[in-house]
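Enquirer: Chains A and B, in that order, give the protein sequences. Take the first sequence: its letter number 28 is residue 376 in our numbering, and every next letter is one higher. Take the second sequence: its letter number 125 is residue 159 in our numbering, and every next letter is one higher.
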Amino acid sequence: MAMKMEISKSVFKPTVEGDNRTKVDIKGLSVYYGKFRALADINLSVHEKRITAIIGPSGCGKSTLLRSFNRMNDLTPGCRMEGEIYLDGENVLSSGMDVVNVRRRVGMVFQRPNPFPKSIFDNVAYGPRLYGIHNRSDLESIVEHSLKSSALWNEVKDKLNQSGLSISGGQQQRLCIARALAVEPEVILMDEPASALDPISTLKIEELMQELKKDYTIVIVTHNMQQAARVSDFTAMMMIDEARAGRMIEYDATNTIFTRPKDRRTEDYVTGRFG
Amino acid sequence: MDIINRHLGIVRPPMRKTFETEIQQLKDEMLLLGSMVEQQIIGTVEALKKRDIEASRRIKETDLQVNAKRYAIEEQVMIVIATQQPMAHDLRLLASILEVSGELERMGDYAKGIATVSIRMGDQSLLKPLIDIPRMAQIGTDMLHRALTAFINEDVEAARAIPVQDDEVDDLYNQVYHELMMFVIQDPKTIERANWLLWVAHNLERVADRVTNICERTIFTATGEMKEIGSKVD
């Protein structure tokens, strides 16, 4: 006869405690390429200084959604967006929005490291120079701070004048992160940031993300579910519907998504039963 | 493409065949461990009843095999977790298999405990004919059998119903307890022989309690809900 025991309601420790302030609030977002609706009615609240992972099978619109955050889709001919994306309460999609400033506040890191064919220093200083900073000592302190934040400083501090392409792939990716940090963004979008890297470089990026989330809001698209489970606080699961439009299936704390998802399709995906 | 299969109503083979096979093997091993434990419980009470010391010794030897089987399952679960990275339902199932095989091993220990009593009693006769005690063993193993079936089938309804029978075992235990106390009150010299049987009955009562734990794991595996079943304040 068991004694009555108080068992806490949430069996699994939530990754994130305390207040979760919404940094980016997506409401009813649809994205069209010409007549084709690529994303349908997406709603997602991205929490500030947390890591949100977007997972789902290939072609479900994860990258399209990510590129909507800072209107990178504008660069695709025929692309049209409906709905609202609020960044700190301001609608990024409204016509009066300064897109250049949005892209400064919401930076991006891509799948393949893509440093410019310039020196390590000039790669990081590129953004600040675009914004009109030319004072050498200001640039030096931005470069040092950015490279330290991307955990690359100790490896490159003696060769800042060498080409950004002369370092390893993992280092190049951290250089790209430093380049994104140099313009003092608030949100960092990462599209498969480690898929072209070896396991050790991948773990370095993942560790770096944990450091970065103290100051930045991070949204990561990944095919690697173990990576999503390891790094993120929240996970959004996407899938395409019958009309091949990407839809949000489930969004919850990462611990919940990977231990007891509510939607059958999420369950099938995270357990590797389809995809 | 799966259009023709779907049109014809053909269900595809599982996408993770190796993994599914490994999980099935673990379930089979767990059922095997369960039936070993059932036999141990029935066998140990039978040996006690017949005062067959040799049979009681065999029960103790077989307990080593029960333990070995539990460790083998535990090791296999670890390997599957390390190599297959299970998530969600799969992860809950594997965690539950670990827990349930631990419960089964402990039930095996209760059978061994009863065998120890039987051996220590030596040539002493039983204080009273065994009627309620074999009944407790029978209900306990029956509950265990059904609990394992419910676990394999993830039958939440059955998992909630089975622990109710624990009350029958508790009632039998109380009955045995009061009877034995009557013997002791009437003749304090019977205290040692009464104590042996009380120990046996206590072990069987614990078997039924552990069946409840298995049922809790069934519900957890199926639903993700982790709660005590029918807990009450004594």
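Backbone N, C-alpha and C fix where the C-beta goes; we use that ideal spot for every residue, glycine too.
#1: Using the Cβ count rule (16 or more neighbours within 10 Å means buried), how would you classify B/L66?
#2: If you measure beta-carbon to beta-carbon, which residues of the region 582-614 of chain A are closer than 7 Å to chain B?
#3: Between A/H493, A/E396, A/N509, A/S406, which has its C-alpha nearest A/R592's C-alpha?
#4: With DSSP collapsed to three states, give me the class of A/V531.
#5: Would you say A/Q575 reaches chain B, if we count a Cβ-Cβ gap shorter than 8 Å as a contact?
#6: Could you tell me whether any non-hydrogen atom of the ligand ATP is closer than 7 Å to the CB of A/G444?
#7: Could you tell me which of A/M585, A/K383, A/L392, A/I490 sits nearest to A/G376, measuring between CA atoms?
#8: Using a Cβ-Cβ cutoff of less than 7 Å, which residues in the same chain neighbour A/K662 once the five nearest sequence positions on both sides are dropped?
#9: Would a C-beta distance cut-off of 8 Å place B/A145 and B/D86 closer than the cut-off?
#10: Counting only Cβ pairs nearer than 7 Å, list the residues of chain A close to B/A122.
#11: Around the C-beta of A/K371, are 16 or more other C-beta atoms found within 10 angstroms, so that it is buried, or is it exposed?
#12: My output table needs one value for A/A350: the three-state DSSP class, helix, strand or coil.
#13: For B/L128, which of helix, strand or coil comes out of DSSP?
#14: Report the rounded CA-to-CA distance for B/D221 versus B/D176, giving the unit in angstroms.
#15: May I ask you to report which of helix, strand or coil DSSP gives A/P465?
#16: Mind checking if A/F622 is an interface residue toward chain B, Cβ cutoff 8 Å exclusive?
#17: Classify A/N421 as buried or exposed, calling it buried when 16 or more other Cβ atoms lie within 10 Å of its own Cβ.
#18: Can you name the residues of chain A whose CB is closer than 8 Å to the CB of B/G174?
#19: Comparing C-alpha positions only, which one of B/G156, B/F53, B/T246 sits nearest to B/R91?
#20: Compare the beta carbon distance of A/I568 and A/A401 with 8 Å and say whether it is the shorter of the two.
#21: What residue does the alpha helix (DSSP H) around B/C249 start on, and which one ends it?
#22: Short of 7 Å in beta carbon distance, which residues of its chain neighbour B/I115, apart from the five on each side in sequence? Order them along the chain.
#23: How big is the Cα-Cα spacing for A/I588 and B/G174?
#24: Within its chain, find whatever has a CB closer than 8 Å to the CB of B/R50; leave out the 5 residues flanking it on each side and keep chain order.
#25: From the beta carbon of B/G258, is the nearest beta carbon of chain A less than 8 Å away?
#26: Which of helix, strand or coil does DSSP assign to B/D157?
#27: Determine, using beta carbons only, whether A/A528 and A/P476 come nearer to each other than 8 Å.
#28: Report the partner residues of A/E438 according to the DSSP bridge assignment.
#29: DSSP three-state call for B/K162: helix, strand or coil?
#30: Please compile the residues from chain A whose C-beta is within a distance smaller than 7 Å of the C-beta of B/Q125.
#31: On the premise that B/A184 lies in contact with B/T255, defined as a C-beta separation below 8 Å, what is that separation, rounded to the nearest angstrom?
#32: Please determine, among B/H236, B/K83, B/D166, B/D124, the residue with the shortest C-alpha to C-alpha distance to B/G147.
#33: Can you tell me whether A/T363 is helix, strand or coil according to DSSP?
#34: If you reduce the DSSP assignment to three classes, tell me which class A/I536 lands in.
#35: Please go through the same chain and pick out, in chain order, the residues whose beta-carbon is closer than 6 Å to the beta-carbon of B/K103, but skip the five residues on each side of it.
#36: If you follow the beta strand (DSSP E) that A/A386 is part of, which residue opens it and which one closes it?
Expert: For this structure:
#1: Working through the second sequence from its first residue, we reach residue 66 of chain B at position 32. With fewer than 16 Cβ atoms within 10 Å of its Cβ, B/L66 is classed as exposed.
#2: F606, T607, R608, P609
#3: Along the first sequence, read from residue 1 onward, the residue named residue 592 of chain A stands at position 244. The residue with the shortest Cα to Cα distance from A/R592 is A/S406.
#4: Within the first sequence, the letter at position 183 stands for residue 531 of chain A. Three-state DSSP puts A/V531 in coil, outside helix and strand.
#5: In the first sequence, the residue the question calls residue 575 of chain A occupies position 227. Output row for A/Q575: interface = no.
#6: With respect to small molecules bound, the structure shown includes none, and the ligand ATP cannot be examined in it.
#7: Numbered from 1 along the first sequence, position 28 holds the residue referred to as residue 376 of chain A. Minimum Cα distance to A/G376 is reached at A/L392.
#8: With chain A running from 349 to 623 in the structure shown, residue 662 of chain A is simply not present.
#9: Within the second sequence, numbered from 1, the residue matching residue 145 of chain B stands at position 111. Within the second sequence, numbered from 1, the residue matching residue 86 of chain B stands at position 52. Taking 8 Å as the Cβ cut-off, B/A145 and B/D86 do not qualify as a contacting pair.
#10: Position 88 of the second sequence, counting from 1, holds the residue named residue 122 of chain B. Neighbours of B/A122 on chain A, chain order: F606, T607, R608, P609, E615, V618, T619.
#11: Position 23 of the first sequence, counted from the start, is the residue given in the question as residue 371 of chain A. Answer is buried; the Cβ neighbour count reaches 16.
#12: Position 2 of the first sequence holds residue 350 of chain A. Residue confidence for A/A350 is low, a pLDDT of 42 falling below 50, so the modelled location carries little weight and cannot support an answer.
#13: Reading the second sequence from its first residue, position 94 is the one you call residue 128 of chain B. Helix, per DSSP.
#14: As a first step, residue 221 of chain B must be located in the second sequence, where it is residue number 187. As a first step, residue 176 of chain B must be located in the second sequence, where it is residue number 142. Rounded to whole angstroms, B/D221 to B/D176 spans 36 Å at the Cα level.
#15: Stepping through the first sequence from its first residue, residue 465 of chain A is reached at position 117. Reduced to three states, the DSSP call for A/P465 is coil.
#16: Locating residue 622 of chain A in the first sequence gives position 274, where the first residue counts as 1. Yes, A/F622 counts as interfacial toward chain B.
#17: Mapped onto the first sequence, residue 421 of chain A falls at position 73. It counts as buried.
#18: As a position in the second sequence, residue 174 of chain B is number 140, starting the count at 1. Within chain A, no residue comes near B/G174; the closest Cβ sits about 15 Å away, beyond 8 Å.
#19: In the second sequence, the residue the question calls residue 91 of chain B occupies position 57. It is B/G156.
#20: Numbered from 1 along the first sequence, position 220 holds the residue referred to as residue 568 of chain A. Numbered from 1 along the first sequence, position 53 holds the residue referred to as residue 401 of chain A. The answer is yes: Cβ separation under 8 Å.
#21: The residue labelled residue 249 of chain B in the question sits at position 215 within the second sequence. Looking at the DSSP string, the run of the alpha helix (DSSP H) that includes B/C249 is 225-257.
#22: Along the second sequence, one-based indexing puts residue 115 of chain B at 81. Result list for B/I115: L128, in chain order.
#23: Looking up residue 588 of chain A in the first sequence gives position 240. Looking up residue 174 of chain B in the second sequence gives position 140. Taking the straight line joining both Cα atoms gives about 50 Å.
#24: In the second sequence, residue 50 of chain B corresponds to position 16, counting from 1. Within the same chain, B/R50 has close Cβ partners Q118.
#25: Position 224 of the second sequence, counted from the start, is the residue given in the question as residue 258 of chain B. True, the Cβ-Cβ gap to chain A drops below 8 Å.
#26: Translated into positions along the second sequence, residue 157 of chain B becomes position 123. The answer is coil: DSSP assigns B/D157 none of H, G, I, E or B.
#27: Residue numbering aside, residue 528 of chain A sits at position 180 when the first sequence is read from its first letter. Residue numbering aside, residue 476 of chain A sits at position 128 when the first sequence is read from its first letter. The answer is no: Cβ separation not under 8 Å.
#28: Position 90 of the first sequence, counting from 1, holds the residue named residue 438 of chain A. Per DSSP, A/L435.
#29: Counted from its first residue, the second sequence places residue 162 of chain B at position 128. If DSSP states are grouped into helix, strand and coil, B/K162 belongs with coil.
#30: Here residue 125 of chain B refers to the residue found at position 91 of the second sequence. Checking the sequence, you will find Leu at residue 125 of chain B rather than Gln. Near B/L125 (Cβ distances below 7 Å), the residues of chain A are T607.
#31: Within the second sequence, residue 255 of chain B is the residue found at index 221, counting from 1. Within the second sequence, residue 184 of chain B is the residue found at index 150, counting from 1. Not really, about 10 Å apart at Cβ, beyond 8 Å.
#32: Reading the second sequence from its first residue, position 113 is the one you call residue 147 of chain B. It is B/H236 whose Cα lies nearest to the Cα of B/G147.
#33: One-based indexing of the first sequence puts residue 363 of chain A at position 15. The predicted model places A/T363 with a pLDDT of 49, which falls under 50 and marks its position as unreliable, so this point remains unresolved.
#34: Position 188 of the first sequence, counted from the first residue, corresponds to residue 536 of chain A. Strand, per DSSP.
#35: Taking the second sequence and counting its residues from 1, the one referred to as residue 103 of chain B is at position 69. L67, listed in sequence order.
#36: By 1-based counting over the first sequence, the position of residue 386 of chain A is 38. Counting along the chain, the beta strand (DSSP E) containing A/A386 begins and ends at 384-395.
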